[in-house]
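Chemist: So the sequence shown is numbered by the numbering used here: it starts at 13 and just counts up by one. Glycine included, C-beta positions come from ideal geometry on N, C-alpha and C.
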Amino acid sequence: MHTRRLGCLEVSAIGLGCMGMSEFYGPTDEAEAIATIHRALELGVMLLDTADMYGPYTNEELVGRAIRGRRDRVALATKCGIVRDPNDRSLRGLDGSPAYIRAACDGSLRRLGVDHVDLYQLHRADPKVPIEESVGAMAELVRDGKTQFIGLSEVGPETLRRAARVHPIATLQTEYSLLTRDVEPEVLAACRAL
Numbered sequence: 013m014h015t016r017r018l019g020c021l022e023v024s025a026i027g028l029g030c031m032g033m034s035e036f037y038g039p040t041d042e043a044e045a046i047a048t049i050h051r052a053l054e055l056g057v058m059l060l061d062t063a064d065m066y067g068p069y070t071n072e073e074l075v076g077r078a079i080r081g082r083r084d085r086v087a088l089a090t091k092c093g094i095v096r097d098p099n100d101r102s103l104r105g106l107d108g109s110p111a112y113i114r115a116a117c118d119g120s121l122r123r124l125g126v127d128h129v130d131l132y133q134l135h136r137a138d139p140k141v142p143i144e145e146s147v148g149a150m151a152e153l154v155r156d157g158k159t160q161f162i163g164l165s166e167v168g169p170e171t172l173r174r175a176a177r178v179h180p181i182a183t184l185q186t187e188y189s190l191l192t193r194d195v196e197p198e199v200l201a202a203c204r205a206l
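1. With a floor of 3 residues, list each beta strand (DSSP E) that falls wholly inside the stretch 57-133, ordered by position along the chain.
2. Under DSSP, the beta strand (DSSP E) around R17 begins and ends at which residues?
3. Alpha carbons only, please: which of A176, A205, Y69, G27 is nearest the one belonging to L55?
4. Just list the residues that DSSP pairs I162 with in beta bridges.
5. Alpha helix (DSSP H) containing E145: first to last residue?
6. Can you tell me the Cα-Cα spacing of L190 and P197, whole angstroms?
7. Just reading off the beta strand (DSSP E) that E22 is part of, what are its end residues?
8. How close, in whole Å, do the beta carbons of R136 and L172 come, if the pair is a contact with beta carbons under 8 Å?
9. Less than 8 Å between the CB atoms is what I'm expecting for V154 and Q160, so what's the real figure, rounded?
10. Would you check if the distance between the CB atom of G76 and the CB atom of R114 is smaller than 7 Å?
11. Do you know how far the Cα of G125 is from the Cα of E73?
12. Looking only at C-alpha atoms, which of P68, L60, M58 sits nearest to F36?
13. Whole angstroms is fine: what's the gap from E152's alpha carbon to R17's?
14. Grab me the residues of E145's own chain with a C-beta within less than 8 Å of its C-beta, minus the 5 sequence neighbours each way, in chain order.
15. Quick one: what does DSSP say G168 is sitting in, helix, strand or coil?
16. Could you pull out every residue in the same chain whose Cβ sits closer than 6 Å to the Cβ of A89, ignoring the five residues on either side in sequence?
17. In chain order, what residues of the same chain lie with their CB nearer than 6 Å to the CB of K91, ignoring the 5 residues before and after it?
18. Short of 6 Å in beta carbon distance, which residues of its chain neighbour M31, apart from the five on each side in sequence? Order them along the chain.
19. For the beta strand (DSSP E) that T183 lies in, which residues bound it at each end?
20. Please state if the CB of V57 and the CB of S102 are separated by a distance shorter than 7 Å.
21. Quick one, are the C-beta atoms of V129 and V178 less than 7 Å apart?
Structure, rendered in structure tokens:
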């Protein structure tokens with residue numbers, strides 16, 4: 013399997029997004045999901061991507077069960093920042109406050125059954141919280157050993173630059189495909205510059 017560098021983290025060129033194993037794409041089968049993760053690891057996939065909002069929470073629990081005894085073979089990425097209403101899972105809000113980020117990370121570590129993740133990402137920037145405050149809280153998680161690297165998702169180039177002034181940003185997760193190429197002129201240029 014070819015590898016790529018995400019910041020200083022070396023991962024398989026192909027990662028496994030685990031979101032659909034818990035919801036969004038029809039009925040789920042936990043045994044099949046765990047078997048899929050195990051097979052991906054056997055084939056050399058290292059990067060597993062999840063988030064606390066998938067389920068909510070149940071996807072991290074599933075990934076945690078799947079990697080038990082295999083943690084040394086996994087580059088584990090999770091995300092925070094999208095908060096779902098427990099009474100109506102279709103309702104969502106954003107929370108990028110430092111207190112939320114710290115509590116969300118602790119919850120993710122508990123659900124995943126690990127003492128740290130390799131990559132902790134802000135799923136969406138909260139317009140009510142300066143990105144510098146959100147990234148500052150994530151930088152504390154790095155200092156505390158709860159994550160090795162931090163990343164962002166779906167931010168523009170100026171937000172990315174502001175965030176990088178606080179702490180190195182290892183990844184930017186954003187939609188990019190043959191049909192969605194609007195990130196090329198500015199966002200990709202900002203990534204290359206950083």
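Modeler: The structure says:
1. 59-61, 87-92, 94-97, 100-106
2. Taking the sequence shown and counting its residues from 1, the one referred to as residue 17 is at position 5. 15-18 is the span of the beta strand (DSSP E), which, as asked, contains R17.
3. In the sequence shown, residue 55 corresponds to position 43, counting from 1. Nearest option by C-alpha distance: G27.
4. Counted from its first residue, the sequence shown places residue 162 at position 150. Paired residue(s): Y132.
5. The count along the sequence shown starts at 1 and reaches residue 145 at position 133. Here the alpha helix (DSSP H) through E145 covers 143-155.
6. What you label residue 190 is simply residue 178 of the sequence shown in a count that begins at 1. What you label residue 197 is simply residue 185 of the sequence shown in a count that begins at 1. The straight-line gap separating the alpha-carbon atoms of L190 and P197 is approximately 14 Å.
7. For the purposes of this step, residue 22 is taken as the residue at position 10 of the sequence shown. Unbroken beta strand (DSSP E) run through E22: 21-24.
8. Residue numbering aside, residue 136 sits at position 124 when the sequence shown is read from its first letter. Residue numbering aside, residue 172 sits at position 160 when the sequence shown is read from its first letter. Not really, about 13 Å apart at Cβ, beyond 8 Å.
9. Looking up residue 154 in the sequence shown gives position 142. Looking up residue 160 in the sequence shown gives position 148. Confirmed, Cβ separation roughly 7 Å.
10. Counted from its first residue, the sequence shown places residue 76 at position 64. Counted from its first residue, the sequence shown places residue 114 at position 102. Cβ distance not < 7 Å, so G76 and R114 don't count as in contact.
11. Taking the sequence shown and counting its residues from 1, one reaches residue 73 at position 61. Taking the sequence shown and counting its residues from 1, one reaches residue 125 at position 113. Each residue's alpha carbon lies about 8 Å from the other.
12. Taking the first residue of the sequence shown as 1, we reach residue 36 at position 24. F36 has its Cα closest to that of P68, out of P68, L60, M58.
13. Within the sequence shown, the letter at position 140 stands for residue 152. Within the sequence shown, the letter at position 5 stands for residue 17. Whole-angstrom Cα-Cα distance: 23 Å.
14. Mapped onto the sequence shown, residue 145 falls at position 133. So the qualifying residues of the chain are G108, S109, P110.
15. Mapped onto the sequence shown, residue 168 falls at position 156. Here G168 sits in coil by DSSP.
16. Indexing the sequence shown from 1 puts residue 89 at position 77. Hits under 6 Å: D61, L131.
17. Here the question's residue 91 lines up with position 79 in the sequence shown. So the list reads A63, Q133, H135, once near-sequence residues are dropped.
18. By one-based count along the sequence shown, residue 31 stands at place 19. Cβ within range, chain order: Y66.
19. As a working note, residue 183 is residue 171 in the sequence shown. Residues 183-185.
20. Taking the first residue of the sequence shown as 1, we reach residue 102 at position 90. Taking the first residue of the sequence shown as 1, we reach residue 57 at position 45. For S102 and V57, no; Cβs fall outside 7 Å.
21. As a position in the sequence shown, residue 129 is number 117, starting the count at 1. As a position in the sequence shown, residue 178 is number 166, starting the count at 1. The answer is no: Cβ separation not under 7 Å.
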